[in-house]
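One structure is given below, encoded as structure tokens.
Residue numbers (UniProt numbering): 1 to 188.
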């Protein structure tokens, strides 16, 4: 999994009524507005990429089965996060393992603190930062995150030990983190 992964896109273009006329249209608007942020939120809470895909769909299905009434986009986002968080906890219970995020309330507080519009911008900033990498750092990041290569495979290609690759990836992630932080500090 890498930081630039995207959520699975649901194809809901099969609506036959003009926009905004039926319950399906309201669901379509909800999905279009909140799907990507909800998927990233689930990943933030520790869901694997495929789990986040499934849980995002399950969350929207749960909304269709509930008596949810749309009042505002902020209220909808909060409601969807709550449903998604409960879906993740239910999944973890079924899997008989603990959620990987220890304090879900703290995670929720951090998430709310972020402006949702910034996530796409941060993703773009991260992509720009990756393009600035050179040499072994760029190769290791590309092979590990884009190609899903193991540390052993990367080590063989770069003539390093697997522990050397681990250190290189850790240092490179720190460089990328600092690059994105510089971008964030430059915002008005």
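Yeah, the Cβ is synthetic: ideal placement off N, Cα and C, and Gly gets one too.
- Distance from the Cα of residue 49 is smallest, within the candidate group 36, 61 and 149, for 36.
- Residue 59 counts as buried, since no fewer than 16 other beta carbons sit within 10 angstroms of its beta carbon.
- With fewer than 16 neighbouring CB atoms inside 10 Å of its own CB, residue 109 falls in the exposed class.
- Exclusion of the five residues before and after residue 32 leaves no residue of its chain whose Cβ lies closer than 7 Å to its Cβ.
- Contact check between the segment 132-152 and the segment 61-78: fewer than three CB pairs, one atom from each, fall below 8 Å, which does not count as touching.
- In this chain, the alpha helix (DSSP H) harbouring residue 57 covers 49-65.
- Secondary structure of residue 69 (DSSP, three-state): coil.
- In the structure shown, the three-state DSSP call for residue 160 is coil.
- For the pair residue 178 and residue 90, the Cα-to-Cα distance works out to about 36 Å.
- In this structure, the beta-carbon distance from residue 169 to residue 160 does not fall below 8 Å.
- For residue 76 and residue 30, the gap between their C-alpha atoms comes out near 8 Å.
- Sequence-distant Cβ neighbours of residue 175 in its own chain, meaning closer than 6 Å and more than five residues away, do not exist here.
- Distance from the CA atom of residue 133 to the CA atom of residue 185, rounded to whole angstroms, is 20 Å.
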